[in-house]
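Residue numbers (this note's numbering), protein chains in the order written: chain E, 131 to 553; chain H, 8 to 205; chain P, 296 to 1326; chain D, 116 to 215. Yeah, the Cβ is synthetic: ideal placement off N, Cα and C, and Gly gets one too.
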Amino acid sequence: MSVFPKKRRFSGLGLVKQALKHQEGWQRMWRSPAPREHYDIIVVGAGGHGLATAHYLASVHSQAKVAVLEKGWLGGGNTGRNTTIVRSNYLWDEAARLYEHAMKLWEGLSQDLNYNVMFSQRGVMNLGHTLQDMRDIQRRVNANRLNGIDGEVLNARQCKQIVPIMDTSGRTRYPVLGASWQPRAGVARHDAVAWGYARAADARGVDIIQQCEVIDIVVENGCAVGVETRQHGRIRADRIGCVAAGNSGVLASMAGIELPIESHPLQAFVSEPIKPILDTVVMSNAVHGYMSQSDKGDLVIGAGIDSYVGYGQRGSYPVIEHTMQAILELFPCVSRVHMNRQWGGIVDTTPDACPIISKTPIENLFFNCGWGTGGFKATPGSGHVFADLLANGEPNELTAPFALDRFHSGALIDEHGAAGVAH
Amino acid sequence: MTTTARPPLAHNALGRTASAENAGLTITDHGVTGLLVLRVKPERVELVKAVETVLGVALPGALQSATVDLAVVRWMSPDAWLISLEMTERERIEAALVQALDGHGAVVDVSGGYAHIELSGPSVLEVLKTSTAYDVHPDNFVPGKVVGTTFAKATVLLRALGGGSCEVLVRRSLADYVLLWLDKATTDVGMRYVNNSE
Amino acid sequence: MSIDPNYLRANQGFRLADGGRIDRGDPLIFSFAGRRLMGYRGDTLASALLANGVRIVGRSFKYARPRGIVCAGVEEPNAILQIGGREETQTPNVRATEQPLIDGMVTRPVNGWPNADADLMSIFGSLGGALMTPGFYYKTFMFPASRWESYEWFIRRAAGLGKSSKLPDPDRYDHMNHHVDVLVVGAGPTGLAAALAASESGKRVLLIDERSEAGGSLLWSGDADKYAWGEAIDAMLPMQWVANAVRRLDANPQVARLTHTTVTGYHDHNFLTAWERRDDTCAFSGSDTVPGTRQRLHKIRAASVVLATGAHERPLVFANNDLPGCMTASAVSEYIRRYAVIPGNRLVVMTANDGGYRAAFDWKQAGREVVAVIDPRHDPDSSAIQQAREAGITVLTGSALVEARGRKGVTGALVAPINKLATFVTGDTRLLACDTIATSGGWSPAVHLSCHTGSRPVWDDAAIGFVPGPTTERRYAGGSLLGHHALAQCLADGTEIGAQACSVYSDEQREGSIAASVPQVQSSNTTEAAPMALFAVPHPKPSSRAPKQFVDFQNDVTAAGIEQSTREGFESIEHVKRYNALGFGTDQGKTGNVNGMAIVARALGKTLPEVGTTVFRPNYTPVTMGAVGGAHVRELFDPERYTPMHRWHVKAGAEFENVGQWKRPWYYPQGNESMSEAIAREQLATRNGVGILDASTLGKIDIRGPDAREFLARVYTNSWAKLAPGRCRYGLMCGEDGMVMDDGVTACLADDHFHMTTTTGGAAHVLSWLELWQQTEWPELDIFFTSVTDQWATISIAGPNSRALLDELTDDIDLSAEAFGFMDFRTGHVAGIAARVFRISFTGDLSYEINVPAHHGQTVWDALFNCGERYGLTPYGTETMHVLRAEKGFIIVGQDTDGSVTPYDLDHGWAVAGNKPFSFIGKRGMQRSDCTREERKQLVGLKCSDPNTVIPEGAQAVRDPAQPIPMSMVGHVTSSYYSAFLGRSIAMGVIKGGLKRKGEKVYFPLADGRTLEATLCDPVFLDPEGARGKV
Amino acid sequence: MFLIHCPYCGEDREEEEFHAAGEAHIARPLDPDACSDEEWGNYLYFRRNPRGLHRELWVHVAGCGKYFNIARDTASYQIHGSYRIGERFTWSDAEDSAAP
Ligand SMILES: Cc1cc2nc3c(=O)[nH]c(=O)nc-3n(C[C@H](O)[C@H](O)[C@H](O)COP(=O)(O)OP(=O)(O)OC[C@H]3O[C@@H](n4cnc5c(N)ncnc54)[C@H](O)[C@@H]3O)c2cc1C
Ligand SMILES: NC(=O)c1ccc[n+]([C@@H]2O[C@H](COP(=O)([O-])OP(=O)(O)OC[C@H]3O[C@@H](n4cnc5c(N)ncnc54)[C@H](O)[C@@H]3O)[C@@H](O)[C@H]2O)c1
Ligand SMILES: Cc1cc2nc3c(=O)[nH]c(=O)nc-3n(C[C@H](O)[C@H](O)[C@H](O)COP(=O)(O)O)c2cc1C
Ligand SMILES: [Zn+2]
């Protein structure tokens, strides 16, 4: 059942009709509303996760008085700057369940949103270069399969069949010994995800307020009651959910709390567009780089995080350089291709490389953060479960393990060891 | 029983001992040198004094080196110096230093742990500039100056020598890598390898 | 080549008879799209193509429209070519306007089938053009969901510009580091003046320009000129002045100069990267000579940076403005003056400023017809217009060129009168026949670099453009980059900022007090009319209905598309960028961005500064990936670390394993042995006789000082108070979270002196961990750490014969069990070499670890082999070592642990001294509530019910194999081997509550369909009493 | 890429010679055994993570091997000072009120 009236639904026929009208009849995908004084729920941050949260609050929980406040333009945070890898082959049960939940939502997302997010299940390959890498791969793939998540262990020859341009000769400094392979994994068009969610949430009455920066969280008697914004003053709410990725720590400090998070620059870069040479996503922990090719033809390449805290949306050059060397190690043929643009995001890293989806010591204040270098893939799932937490006030089975208290009890879900680069 | 000490580069992948004509870079391999790491807190003035008496020279300050007949003393860190000397002198000096330190600080023999090479020739500056991000311009990297820095992807101790030459001390296990690096880095100018270890 | 050069020379129908900075004595033959053509040294590929009358150089990305050369510099959006005659040197997307012509060069358009001239895709392009507006993909291809992948296949094949080679790049790239006082970017008049001023200080100056020679825009405007711009600098023709300046700079030893080098990135703290194209001759000419370094990336740290990067001319946006033959006005001048190439015969100029008139003058001077100059300004008064009229050129003021006509190239220009604000057409259109259209909408300062460190550019009304904004870097800007277009001003700017930039050191020299004199300009240009801020030219029809008006040529972004996106709610310029791919191309919108912003502003009723710019990021122009990687590729990607006995292992035929950066012998196959046969042989030889392992890669740290013991007690979990000199102890090191981080044996050499060993992979981390605690938390402890990993060659001999073997080589160590017991340590001589010998064992057998200075390692190793034969001495590698230790239940950190395992989880509670006075690192962490849970995963042995089956490492355990998926997993296998000695498979793993469940069964459902069964057991499979080691 | 002043070497050096080691001045609780799980967890994992002025620990790994502190703006990346372990650093700005 679509929320869009027929006139606003996107379809091939609609495109033809618009073409005949010289494209003059297109309507806004989302409104630009003035904020109300009070909302039932305020979501801070119009990244993919925040917008998805609003969408599911409206569509699953029938919450109407919801606002998403965004300090810049929607989708302009990490959602707009990630390398779009989507996979669910995480090691630990808790994480695997969460990411697989997201994967299932991805599989029908374009239809659900009536917006083609170009989710392309072209497969993701995680390479192993050492014997320990291969043990870890075996362990993870076995766990995935028993968790009902697709996965295979490939040897070097099989890797080469899927990715002919990869150097699997064994002559490289760190030869490719094999890989894990998740066929259902892939990439999606990052901007479209934000736009699709925004359009769908807006259609259900969610107010998406851009250029509205939260500068304080109003806490009365240990209870969050609203936010102070730079552009629109105070907006009150019954519940507040912060989904601000790299800026989560800044929001937390507004409420007087600290989080087990450090915000680091994470960089990526793209080549100029070229004809297709890579049909899947290849990731390597050991040499530290990963690459896919977008539908537009550019090679999309991701780096490791910079080691310092940084809010500049840019990192240091050596990281780019080392990543490039790793890419050339795997794909020596792309050396003459030109690198077009590099950029950075601010990723909210946690000690166990797993997110925080949690209540806080402040009543009615919730956080969904800590997705670090790998939350794009979780966007639908994250929004879905966070909507549930915001609507009910209590965690469900999927979110409970991701509460803040694990950093006190020690029940960390340590994805570092086995997944390494967690994109 | 007599034995031959193997210099670190003896098993290098290139096996290069020949010389290229008109090479831009000459690599002189000094083989196994006596090397001691001396550790002492500079604020322990009496210990520093005692050590200096043994060495016959004041411990050099940050990024400096001091040369005496006996040895070259290189600053490595506020409480660490690397002393090179003749192998034949090593044990004697080591013992004397230990005694001078009187149970504090440390003297550690690392003679086997480093390759000791020297770069000379008309292209040294160019090769250094492709290899390290340290400012090796002669205005800054003046003779006698010692810096710990990166060299390609290895960590080394560089010391500027007179005449534009440069000493490189690199951990033994990385010596072959450094040599391979230099071999490639001199693609345009050529290199010559001189084994000076005996 | 077989074609007659004279024939080709004659074919250069658009080459002027004389002039230009080309060498007519050095003809170069190249090919384009299979045609052989000729140009000269000094030509760019673009100028040579134009000289030969090539108009269509490619097809557009989305609509497959024919495209020609628009610019003469880096801002070129269309002339993006494929270069390379051989597969391994195929180079995609080279800007023809920047690429010097090379003899033998093979070039092709990147799009167009069967060719760019007659591209069949253009049929789709024109049919689909109406559909393929912004957001097209997001609105369609959704049904049925299963079809998306096949739609995508077609989309991907249609996209992309050039193609990558599929073979490894044969060329070499490297890096060069620089530290300078002043870096000057741009060697136009501003940059040259700045470099001259800075060079007078004696400071280190580096001057970089992307062009093949210095001069900047003087290259196309600075030679003799009888019209308005007959300028002279210090009484020299401008290009003479340039040559003179270059001579002076090159004579100064403190000044370095790079040409053909683009500063591509400006990073924090004045760190810049510059990309030098050195030698493409070999790669592109097809010659077989060994190439030198093809490209070099310079990494520059500058005390101050002078940006004199000039400006890019903006083409105007009008209907069909992408037809081949439409160019920027300055490009027309540059082709005529610099390359002696005339791009056509009949020119119409449309310019909103006086500068655009130059194209008309140059064209006329070249003897071709100027049809008209169209000027949107109403009654402007300037010397340029006067002189144009005097020269007999038709000037139509208050008018606009609203539409270009033609199919594969310009054949006419539609001109109409417009209102004063240039917002609508006020009268009838008129068609002027022409084949070339030159436009100038003004100049966009090249602010890119100034923005890379996060500084945002600011709008400057006078400049009609964005200029560099405030920054925290020591950065200076001048000349055209500030919108200063008068040559005299540029020279003054340059002189001033050059002096300022080098005076930042000395306070007394502040504020440009260096007395560099400003070069003086003599000019005949008297009156100038104010330029008009015109971006998109009005059309009689609204842009949604007019023929396409292109903004970003490379991505086929149109004015109508931008307007549509604002209608759809994409109001932020960043949204417009992403929805349209505006500025996404390889030119990063150098010509299109500001026009696009202006159209957004018009559509939203905002001002241009309100709309703002998108973020400029590196690279200024795209850089080859090879140059970024530099020489750190292939065998130099990461250092290989070798042990002192490395060459011996190679000779012995060892297979190597990468452990960290180390190369470790993995096993030593003999003859045709398989891996498992080799390992079985090595195992049995070791257990039954004696095996030898090169353990030199173990991390080794010398620890010395009165507080050494106290320190060890704090960083290890166990107790060190009573370890006597001459004794060794195993220790576990944990993080503050209580999780096992490393392990190793530490020997007490003296009361205040210890020799610590760490895992191979953990060595560096452990040393910095120790330093961290000592330096930051406990500076009062009197203790020093020195890495001695490289100092000691470590040779482990293990097996019942090891004592007898060692005995042959030592006179001064009493090896008897009583004198030299298990976990003892002795110094003495082995093979005449002073050695530290540890009697420790990672195999469970009698075993010695011999440490000798690395330079004697091979000697001792050889000596052992000299007398080893009769004991059956056999070298073994890491794989056998793993099996031997697993038989004894010894763990390997990183394999049997993964960062979530406490000592108790390993059943190593014996190695935790909970009662030490100091709360050692990790103690509190391992007591957290979750870490003391009963059902934690704990390390146990696993016996597969089938002794011949080795459970795969990484297999996941379940208690009930019949349960449906998702199954509830209880742990996994960490180590698993076939033990030839025990004649069965053995394994270890971590299993929930495993320590209390020994004897129970678990199951391993495998990917291949098998389910294995195993019994939990003690992990010590061999000699649980430990008798073998204590003989 | 940062240019970092090492207070021990007394020179500005390239970032590649250093490693960042997190927020500075996080003191180990004097009596860990007396800490609650919550206090211990806070010490282990919870950080200020400010956007703005930040004191942090770096180590000059490729140089002198010493740990030291830098005072840096995490938004502009400007480094305001480098200082040795045990030394104190104060910004002239009053903005730093949140600092320990
Ligand atoms: C270079 C890079 C590569 C990556 N690659 C991958 C990958 O391949 N696969 C993957 O799964 N993940 C990847 N990630 C991670 C992924 O991008 C993020 O985890 C995910 O996008 C986070 O989404 P979000 O919606 O939570 O955050 P964001 O998209 O960052 O949204 C947070 C929003 O909050 C807003 N905000 C912040 N503070 C305030 C305030 N005070 N008031 C109002 N609004 C505020 C921000 O402006 C922002 O729009 C990558 C990240 C980066 C940077
Ligand atoms: N209206 C007009 O007629 C008009 C307009 C613009 C400029 N001009 C003339 O142009 C000149 C401006 O002088 P200027 O020195 O400021 O600019 P310029 O354009 O002459 O020189 C800038 C130089 O910097 C180089 N450059 C730019 N970015 C670079 C990078 N990232 N790396 C390496 N090199 C880079 C360019 O290739 C160019 O050579 C004056 O002579 C002025 O009269 C005239
Ligand atoms: C998957 C992906 C592909 C991209 N491809 C391109 C590209 O082809 N051209 C381009 O200019 N930028 C590309 N970008 C980068 C964006 O231009 C931009 O740098 C990024 O979204 C960060 O925003 P910012 O640079 O405005 O801060 C891409 C970004 C992503 C996430
Ligand atoms: Zn230092």
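Would F532 of chain E pass as an interface residue toward chain P - the criterion being a Cβ-Cβ separation below 7 Å? Output row for F532 of chain E: interface = no.
Hey, is E382 of chain P's beta-carbon within less than 7 Å of any beta-carbon in chain H? The beta-carbon of E382 of chain P is placed no less than 7 Å from the nearest beta-carbon of chain H.
Are L776 of chain P and V600 of chain P closer than 7 Å when you measure CB to CB? Judged by their CB atoms, L776 of chain P and V600 of chain P are not nearer to each other than the 7 Å cut-off.
Any C-beta of chain P under 7 Å from that of V551 of chain E: With a pLDDT of 41 at V551 of chain E, under the threshold of 50, the modelled position of this residue cannot be trusted; read the value that follows with caution. With respect to chain P, the C-beta atom of V551 of chain E has no partner C-beta closer than 7 Å.
Under 7 Å, Cβ to Cβ, is there at least one residue of chain D near W188 of chain H? So no, W188 of chain H is outside the interface.
In whole angstroms, what is the alpha-carbon distance linking R319 of chain P and Y335 of chain P? So the two alpha carbons sit approximately 6 Å from each other.
Inter-residue Cα distance where the pair is K843 of chain P and L501 of chain P: Each residue's alpha carbon lies about 45 Å from the other.
Expected contact under 8 Å - CB spacing of A1045 of chain P and P1020 of chain P to nearest Å: The beta-carbon separation of A1045 of chain P and P1020 of chain P, rounded to 5 Å, stays under the 8 Å limit for a contact.
Chain D beta carbons: is any one of them nearer than 7 Å to that of V480 of chain P? V480 of chain P is outside the set of residues whose beta carbon lies under 7 Å from a beta carbon in chain D.
What does E132 of chain D touch in chain H if you count any residue whose Cβ is under 7 Å from its own? In chain order: T156, T157.
Between the alpha carbons of S180 of chain H and P934 of chain P, how many angstroms are there, rounded? So the alpha carbons of these two residues sit roughly 9 Å apart.
Of the residues P:R350, P:K498, P:H470, which one's Cα is nearest the Cα of L618 of chain P? The shortest Cα separation from L618 of chain P among P:R350, P:K498, P:H470 belongs to P:R350.
I believe T1081 of chain P touches A113 of chain H by the beta-carbon criterion, under 8 Å. Please report the beta-carbon distance rounded to the nearest angstrom. Yes, T1081 of chain P and A113 of chain H are in contact; Cβ-Cβ is about 6 Å, under 8 Å.
Assuming I1090 of chain P is part of the beta strand (DSSP E), what are its boundary residues? Where I1090 of chain P is concerned, the enclosing beta strand (DSSP E) stretches over 1087 to 1093.
Using the Cβ count rule (16 or more neighbours within 10 Å means buried), how would you classify Y302 of chain P? Exposed, by the Cβ-count rule.
What's the C-alpha gap between M384 of chain E and E451 of chain E? For M384 of chain E and E451 of chain E, the distance between alpha carbons rounds to 37 Å.
Could you check the C-alpha separation between R364 of chain E and A190 of chain D for me, to the nearest Å? In this model, R364 of chain E and A190 of chain D are separated by some 26 Å (Cα to Cα).
Between the CA atoms of L1159 of chain P and L1101 of chain P - distance to the nearest angstrom: L1101 of chain P and L1159 of chain P have their C-alpha atoms spaced approximately 8 Å apart.
Taking only beta-carbon positions, decide if G156 of chain D is within less than 7 Å of chain E. Closer than 7 Å: yes.
Assign F532 of chain E to one of three DSSP states: helix, strand, or coil. Helix, per DSSP.
Is the region 153 to 166 of chain E touching the region 303 to 323 of chain E in the sense that three or more CB pairs, one from each, lie closer than 8 Å? No, the region 303 to 323 of chain E does not touch the region 153 to 166 of chain E.
Which chain E residues sit within Cβ distance under 8 Å of N184 of chain D? Result: empty, since nearest Cβ-Cβ is about 13 Å, beyond 8 Å.
Please find out if some non-hydrogen atom of ligand 3 comes closer than 6 Å to the beta-carbon of V762 of chain P. Every heavy atom of ligand 3 is 6 Å or more from the Cβ of V762 of chain P, so no.
Rounded to a whole number of angstroms, what is the C-alpha to C-alpha distance between G335 of chain E and G523 of chain E? Taking the straight line from one Cα to the other gives about 22 Å.
At a CB distance below 7 Å, what residues from the region 160 to 171 of chain H approach chain D? Give them in sequence order. Answer in chain order: T162.
Measuring alpha carbon to alpha carbon, tell me which residue in P:A305, P:G994, P:W1073 is nearest V1010 of chain P. Closest by alpha carbon: P:W1073.
Three-state secondary structure (DSSP) at D321 of chain E? Here DSSP, grouped into helix, strand and coil, assigns D321 of chain E to helix.
Return no unless some Cβ of chain D is closer than 7 Å to the Cβ of F140 of chain E. Under the Cβ criterion of 7 Å, F140 of chain E is not counted among the residues facing chain D.
Is W570 of chain P near ligand 2, going by C-beta to nearest heavy atom under 6 Å? Relative to ligand 2, the beta carbon of W570 of chain P is positioned no closer than 6 Å to any heavy atom.
Would you call the CB atoms of R672 of chain P and M827 of chain P closer than 7 Å? Yes, the pair counts as a contact, with Cβ atoms nearer than the cut-off.
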